[in-house]
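Visitor: Heads up, the sequence shown is in the numbering used here, so the first residue is 7 and it goes up one at a time.
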Amino acid sequence: MALPQASIEVFVSPAVKTFAQACPYIDHVIVDNGDDAAISQQFAERQYDAILVSLSEWRTYKLIRHLDVPYKLAPKHAWFQYLYRHRANVTYRKDEPCWRGSCMLVEHFLRHHGYPIPALPKQYWDMSQHRQQWQQYYGQQGNELLIFAHAGTGGSSGALAPADFAALLRKINQQTQRDCKFVLTFSGDEEVLAQAIYDNLRQDDIKVVLAKPLPSLADFAESIVAADMFIAGSTGPLHLAGLHDVPTVGFYAGRRSAPKIRWQTLTQSHKRLAFTPPVGKRTGRNMALIDFDAAANEIAAFLDTHYADQQ
Numbered sequence: 007m008a009l010p011q012a013s014i015e016v017f018v019s020p021a022v023k024t025f026a027q028a029c030p031y032i033d034h035v036i037v038d039n040g041d042d043a044a045i046s047q048q049f050a051e052r053q054y055d056a057i058l059v060s061l062s063e064w065r066t067y068k069l070i071r072h073l074d075v076p077y078k079l080a081p082k083h084a085w086f087q088y089l090y091r092h093r094a095n096v097t098y099r100k101d102e103p104c105w106r107g108s109c110m111l112v113e114h115f116l117r118h119h120g121y122p123i124p125a126l127p128k129q130y131w132d133m134s135q136h137r138q139q140w141q142q143y144y145g146q147q148g149n150e151l152l153i154f155a156h157a158g159t160g161g162s163s164g165a166l167a168p169a170d171f172a173a174l175l176r177k178i179n180q181q182t183q184r185d186c187k188f189v190l191t192f193s194g195d196e197e198v199l200a201q202a203i204y205d206n207l208r209q210d211d212i213k214v215v216l217a218k219p220l221p222s223l224a225d226f227a228e229s230i231v232a233a234d235m236f237i238a239g240s241t242g243p244l245h246l247a248g249l250h251d252v253p254t255v256g257f258y259a260g261r262r263s264a265p266k267i268r269w270q271t272l273t274q275s276h277k278r279l280a281f282t283p284p285v286g287k288r289t290g291r292n293m294a295l296i297d298f299d300a301a302a303n304e305i306a307a308f309l310d311t312h313y314a315d316q317q
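(1) Gly286: buried (16+ other C-beta within 10 angstroms of its C-beta) or exposed?
(2) Buried or exposed: which applies to Thr311, given that a residue is buried once 16 or more other Cβ atoms fall within 10 Å of its Cβ?
(3) Can we say the region 221–230 touches the region 295–306, given the rule of at least three CB pairs closer than 8 Å?
(4) Using a threshold of 9 Å, state whether the C-beta atoms of Val215 and Leu190 are closer than that.
(5) Could you spell out the range, first to last residue, of the beta strand (DSSP E) harbouring Val18?
(6) Taking all protein chains shown into account, decide if Gly194 is buried (16 or more other Cβ within 10 angstroms of its Cβ) or exposed.
(7) Kindly indicate the opening and closing residues of the beta strand (DSSP E) around Pro81.
(8) Write down the C-beta distance between Arg184 and Leu309 rounded to the nearest angstrom, noting that I regard them as a contact closer than 8 Å.
(9) Within 10 angstroms of its Cβ, does Arg261 collect 16 or more other Cβ (buried), or is it exposed?
(10) Hey, out of Ala50, Gly248, Pro221, whose CA is closest to Ile230's CA?
(11) So is Gln322 buried or exposed if we call it buried at 16+ other beta carbons inside 10 Å?
(12) Would you mind reading off the limits of the beta strand (DSSP E) that contains Leu69?
(13) Could you check the C-alpha separation between Gln316 and Phe281 for me, to the nearest Å?
(14) Which runs of the alpha helix (DSSP H) fall wholly inside the region 134–167 and span at least 4 residues, in chain order?
(15) Would you call the region 249–260 and the region 271–279 touching, i.e. three or more CB-CB distances under 8 Å?
(16) From Ala233 to Pro10, what does the alpha carbon distance come to, in whole angstroms?
(17) Buried or exposed for Ala12, going by 16 or more other Cβ atoms inside 10 Å?
(18) Roughly how many angstroms separate the alpha carbons of Gln201 and Trp105, rounded to a whole number?
(19) Have a look at Leu111 and Pro284 and give me their C-alpha separation to the nearest angstrom.
(20) Determine the contact status of Ala56 and Lys78, defining contact as a CB-CB distance below 9 Å.
(21) How far does the alpha helix (DSSP H) with Ile305 in it reach, from first residue to last?
(22) What are the residues that DSSP puts in a beta bridge with Arg93?
(23) Taking only runs of the beta strand (DSSP E) that begin and end inside the region 210–245, which ones reach a length of at least 3 residues, in chain order?
(24) Could you spell out the range, first to last residue, of the alpha helix (DSSP H) harbouring Thr24?
(25) So is Ser4 buried or exposed if we call it buried at 16+ other beta carbons inside 10 Å?
(26) Between the C-alpha atoms of Gly256 and Lys266, what's the straight-line distance to the nearest angstrom?
(27) CB-CB under 7 Å to Asp101, same chain, minus the five flanking residues each way: which ones, in chain order?
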């Protein structure tokens with residue numbers, strides 16, 4: 007937005023290649039294939055005017071140190087920061103999410119070159135034109151809401167037990183005035199968790215489906231535009247939902263470092279709910295201590311209010 011004529015290129019792991027290629031802000035993708043010499047050669051061929059190092063590692067420095075690039079910017083951490091001519095303070099405040107660090111790196115670059123810093127968008131990835139297509143894919147009918155729920159966790163928090171997750175969804179279904187269908191998404195070994203939740207909910211004839219597999223991360227990320235809410239622990243798919251500004255419900259560990267703030271989604275604040283167990287060394291990672299009754303009440307109330315005009 008600040009430099010509409012610029013070509014923005016990224017260096018990513020193979021796992022996120024298709025997602026990076028689908029991103030509307032990215033013009034070219036170089037994938038980390040592990041061949042450092044070949045990667046450095048690709049960098050040289052692109053003839054960059056500037057390189058911003060978001061994840062600063064010694065290997066990254068070695069990949070770009072011989073490149074004839076006028077401007078290289080790295081975060082102020084680790085001893086090799088001093089090998090870069092340009093460095094930026096990317097320490098975000100305790101009341102800010104961690105993604106602010108990358109923003110601060112870009113903001114440093116813009117200020118250094120005299121460009122104004124644009125306001126962040128309310129929605130980062132507008133796929134609204136495909137929403138109906140993906141709603142049909144997930145079997146949406148009539149006025150029912152598609153409530154996505156993703157078992158598992160990204161590792162920063164403990165995972166909800168399938169029985170607790172199923173109980174939460176059951177209580178939401180009982181308390182909301184909206185007609186809901188639950189879509190259980192999963193990846194790899196998480197299928198076992200999703201199946202357990204599915205079997206539990208089907209005992210009460212609750213409308214629930216296991217998400218159909220999609221060929222790529224990009225397809226899955228795009229498909230989340232169909233969701234009317236996304237519920238998960240601290241995991242990647244929750245953040246993909248945030249790109250679409252889908253209402254998110256996150257379950258985080260209860261720590262003094264406030265993971266619910268650090269790992270919050272990009273969804274607008276009034277559409278973002280977060281729950282934790284009591285803060286403490288003995289209680290903070292015990293997700294079973296979350297007050298699921300209170301969580302279900304709050305989530306159901308949000309659905310009834312936010313989607314009131316869709317009755």
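Heads up, the beta-carbon is just placed ideally off N, CA and C, and yes, glycines get one too.
Predicted model only: the values in this text are computed from it and were never measured.
Guide: The structure says:
(1) Looking at its Cβ environment, which holds fewer than 16 other Cβ atoms inside 10 Å, Gly286 is exposed.
(2) Counting the other CB atoms within 10 Å of its CB gives Thr311 a total below 16, which places it among the exposed residues.
(3) Three or more Cβ pairs closer than 8 Å define a contact, and the region 221–230 falls short of that threshold against the region 295–306.
(4) With respect to Leu190, Val215 sits close: the two C-beta atoms are nearer than 9 Å.
(5) Counting along the chain, the beta strand (DSSP E) containing Val18 begins and ends at 15–18.
(6) Exposed: under 16 other Cβ atoms inside 10 Å.
(7) For Pro81, the enclosing beta strand (DSSP E) stretches over residues 77–81.
(8) Correct: roughly 5 Å between the Cβ atoms.
(9) Around the beta-carbon of Arg261, 16 or more other beta-carbon atoms lie within 10 Å, marking it buried.
(10) With distances taken between Cα atoms, Ile230 lies closest to Gly248.
(11) The chain is shown only over 7 to 317; residue 322 falls outside these bounds and no answer can be derived.
(12) Where Leu69 is concerned, there is no enclosing beta strand (DSSP E), although the alpha helix (DSSP H) around it starts and stops at 64–70.
(13) Near 27 Å, if we compare the C-alpha coordinates of Phe281 and Gln316.
(14) As far as the region 134–167 is concerned, its whole alpha helix (DSSP H) runs of at least 4 residues are 137–143.
(15) Counting Cβ pairs under 8 Å, three or more are found: they touch.
(16) C-alpha separation (whole angstroms): 30 Å.
(17) Ala12 counts as exposed, since fewer than 16 other beta carbons sit within 10 angstroms of its beta carbon.
(18) Between Gln201 and Trp105, the C-alpha separation is close to 32 Å.
(19) Taking the straight line from one Cα to the other gives about 34 Å.
(20) For Ala56 and Lys78, yes; Cβs fall inside 9 Å.
(21) For Ile305, the uninterrupted alpha helix (DSSP H) segment begins and ends at 298–312.
(22) Per DSSP, the beta bridge partners of Arg93 are Ala80.
(23) Scanning the region 210–245 from its first residue to its last, the whole beta strand (DSSP E) runs of 3-plus residues come out as 214–216, 235–239.
(24) Start and end: 23–28.
(25) What is shown of the chain runs 7 to 317, which leaves residue 4 out entirely.
(26) Straight-line Cα distance between these residues: approximately 8 Å.
(27) Excluding sequence neighbours, Asp101 sits near Ile267.
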